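Peer 1: Can you keep this structure in mind? I'll have questions shortly.
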């Protein structure tokens with residue numbers, strides 16, 4: 056415990072699932088101030104109700120990450136409330152539904168890009184300026200997906216967005232190593248979240264979804280949100296001070312690289 060003592064963090068998509076577990080672990084590890092950015096304001100408030108220990112300053116902001124003005128406003132407000140610039144940014148928010156590419160429509164692609172890729176650009180662009188100016192280093196942890204490494208049928212545009220997040224993060228790592236800002240990617244495999252269920256029940260064979268996934272995973276089970284959050288907490292801490300530009304799959308062995 057105490058690996059994040061005194062740190063100031065922003066977590067997008069902290070109102071449920073993996074994001075909620077990230078927030079829980081950050082507070083448990085001593086985070087001094089935490090901002091939860093989520094379009095679901097009620098979900099963000101529920102996270103606060105579950106994790107508030109009376110010590111950390113935890114604030115919720117209703118944010119559409121794909122809208123730069125909204126992101127900038129929330130970051131500015133949190134900077135003022137926390138009294139200093141963020142040390143940690145976790146881009147966890149994501150959204151998907153399952154369609155064959157030729158059965159999808161441009162408005163669907165736009166929504167996927169808006170949330171899954173443009174949202175990462177907006178938050179990184181806004182927060183990195185503060186981190187670099189503060190001259191004390193920082194952590195950017197972008198949550199992608201093993202779909203972005205392998206490509207996933209029924210998830211072509213989502214796979215492309217997450218692949219973009221992976222290479223974008225590598226580029227940031229090269230640009231900001233001089234600032235001691237460590238930029239890494241966590242790529243979850245199948246994980247029991249509302250997002251997982253959203254994809255499951257939009258597929259033509261939802262009753263077989265778990266079984267088909269588990270057959271492909273060497274550990275033969277679906278992951279839990281806390282298991283992904285634990286890797287993110289590690290990367291946010293000083294224990295990961297020599298980890299830069301890496302893509303780490305938390306997928307039960309589905310993806311083995313290297």
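In the working numbering, the protein residues as written are 56 to 313. Note that the Cβ used here is the ideal one computed from N, Cα and C, for glycine as well. This structure is a prediction, so every number in the text was calculated from the model and none was measured.
What is the rounded straight-line gap between the Cα of residue 140 and the Cα of residue 123?
Peer 2: If you number the chain shown from 1, residue 140 lands on position 85. If you number the chain shown from 1, residue 123 lands on position 68. Going from the Cα of residue 140 to the Cα of residue 123 covers about 18 Å.
Peer 1: In this structure, does DSSP put residue 274 in helix, strand or coil?
Peer 2: Looking up residue 274 in the chain shown gives position 219. In the displayed model, residue 274 falls within coil according to three-state DSSP, outside both helix and strand.
Peer 1: Assuming contact is defined by CB atoms lying nearer than 9 Å, are residue 99 and residue 112 in contact in what I supplied?
Peer 2: Counting from one through the chain shown, the residue named residue 99 turns up at place 44. Counting from one through the chain shown, the residue named residue 112 turns up at place 57. Not in contact: residue 99 and residue 112 (Cβ atoms no closer than 9 Å).
Peer 1: CB residue 64 to CB residue 127, shorter than 9 Å?
Peer 2: Numbered from 1 along the chain shown, position 9 holds the residue referred to as residue 64. Numbered from 1 along the chain shown, position 72 holds the residue referred to as residue 127. Taking C-beta atoms as the reference points, residue 64 and residue 127 fail to come closer than 9 Å.
Peer 1: Please go through the same chain and pick out, in chain order, the residues whose beta-carbon is closer than 7 Å to the beta-carbon of residue 78, but skip the five residues on each side of it.
Peer 2: Numbered from 1 along the chain shown, position 23 holds the residue referred to as residue 78. If you ignore the 5 residues before and after residue 78, its C-beta comes within less than 7 Å of the C-beta of 66, 69, 89, 91, 102, 106, all in its own chain and listed in chain order.
Peer 1: Output the distance between the C-alpha atoms of residue 276 and residue 188, rounded to the nearest integer angstrom.
Peer 2: The residue labelled residue 276 in the question sits at position 221 within the chain shown. The residue labelled residue 188 in the question sits at position 133 within the chain shown. Going by the C-alpha atoms only, they are around 44 Å apart.
Peer 1: Would residue 281 and residue 306 qualify as a contact pair, given that the criterion is a beta-carbon distance under 9 Å?
Peer 2: If you number the chain shown from 1, residue 281 lands on position 226. If you number the chain shown from 1, residue 306 lands on position 251. Contact flag unset, no.
Peer 1: Less than 8 Å between the CB atoms is what I'm expecting for residue 238 and residue 168, so what's the real figure, rounded?
Peer 2: Indexing the chain shown from 1 puts residue 238 at position 183. Indexing the chain shown from 1 puts residue 168 at position 113. Not quite, the Cβ-Cβ distance comes to about 21 Å (not below 8 Å), so this is no contact.
Peer 1: Do you know offhand how far residue 181's Cα is from residue 130's?
Peer 2: In the chain shown, residue 181 corresponds to position 126, counting from 1. In the chain shown, residue 130 corresponds to position 75, counting from 1. Each residue's alpha carbon lies about 7 Å from the other.
Peer 1: Just the C-alpha distance for residue 166 and residue 155, rounded to the nearest angstrom, thanks.
Peer 2: Numbered from its first residue, the chain shown carries residue 166 at position 111. Numbered from its first residue, the chain shown carries residue 155 at position 100. If you take the alpha carbons of residue 166 and residue 155, they lie about 16 Å apart.
Peer 1: Does the beta-carbon of residue 293 have 16 or more other beta-carbons within 10 angstroms, so that it is buried, or is it exposed?
Peer 2: On the chain shown, residue 293 is found 238 positions in, with the first residue counted as 1. By the neighbour-count rule (16 or more Cβ atoms within 10 Å), residue 293 is not buried but exposed.
Peer 1: Select from 253, 246, 254 the residue whose C-alpha is nearest the C-alpha of residue 269.
Peer 2: Along the chain shown, one-based indexing puts residue 269 at 214. Out of 253, 246, 254, 246 has the C-alpha closest to the C-alpha of residue 269.
Peer 1: Please report the straight-line C-alpha distance between residue 211 and residue 110, rounded to a whole angstrom.
Peer 2: Here the question's residue 211 lines up with position 156 in the chain shown. Here the question's residue 110 lines up with position 55 in the chain shown. The straight-line gap from Cα to Cα measures roughly 43 Å.
Peer 1: Let's see if you can read the secondary structure: which residues bound the beta strand (DSSP E) around residue 242?
Peer 2: Looking up residue 242 in the chain shown gives position 187. It spans 236-243 - the beta strand (DSSP E) in which residue 242 sits, taken as one unbroken run.
Peer 1: With DSSP collapsed to three states, give me the class of residue 140.
Peer 2: Taking the chain shown and counting its residues from 1, one reaches residue 140 at position 85. Reduced to three states, the DSSP call for residue 140 is coil.
Peer 1: What are the residues that DSSP puts in a beta bridge with residue 117?
Peer 2: Here residue 117 refers to the residue found at position 62 when the chain shown is read from its first residue. Its beta-bridge partners are 93.
Peer 1: What are the start and end residues of the beta strand (DSSP E) that includes residue 194?
Peer 2: Mapped onto the chain shown, residue 194 falls at position 139. Per DSSP, residue 194 belongs to the beta strand (DSSP E) from 193-198.
Peer 1: Report the residue from 221, 144, 219 whose alpha carbon sits nearest the alpha carbon of residue 193.
Peer 2: Locating residue 193 in the chain shown gives position 138, where the first residue counts as 1. Taking only the C-alpha atoms, the option nearest residue 193 is 144.
Peer 1: Would you mind sorting residue 253 into buried or exposed? The rule is 16 or more other CB atoms within 10 Å of its CB.
Peer 2: In the chain shown, counting from the first residue as 1, residue 253 sits at position 198. By the neighbour-count rule (16 or more Cβ atoms within 10 Å), residue 253 is not buried but exposed.
Peer 1: Helix, strand or coil: which one does DSSP assign to residue 62?
Peer 2: Your numbering for residue 62 matches position 7 in the chain shown. Three-state result, residue 62: coil.
Peer 1: Leaving out five residues on either side along the sequence, give the residues of the same chain with a beta carbon under 8 Å from the beta carbon of residue 261.
Peer 2: Reading the chain shown from its first residue, position 206 is the one you call residue 261. The residues are 255.
Peer 1: Starting from residue 305 and walking both ways along the beta strand (DSSP E), at which residues does that stretch end?
Peer 2: On the chain shown, position 250 is the one that residue 305 refers to. Per DSSP, residue 305 is one residue of the beta strand (DSSP E) stretching across 302-305.
Peer 1: On a CA-only basis, which of 159, 153, 190 is nearest residue 233? Give me that one, please.
Peer 2: Stepping through the chain shown from its first residue, residue 233 is reached at position 178. With distances taken between Cα atoms, residue 233 lies closest to 190.
Peer 1: Is residue 203 near residue 159, with beta carbons less than 9 Å apart?
Peer 2: Looking up residue 203 in the chain shown gives position 148. Looking up residue 159 in the chain shown gives position 104. No.
Peer 1: Can you give me the start and stop residues for the alpha helix (DSSP H) that residue 86 sits inside?
Peer 2: What you label residue 86 is simply residue 31 of the chain shown in a count that begins at 1. It is not in any alpha helix (DSSP H) - residue 86 carries neither H nor E in the DSSP assignment.
Peer 1: Measure the alpha-carbon distance for residue 213 versus residue 265 and round it to whole angstroms.
Peer 2: Taking the first residue of the chain shown as position 1, residue 213 is located at position 158. Taking the first residue of the chain shown as position 1, residue 265 is located at position 210. Straight-line Cα distance between these residues: approximately 20 Å.
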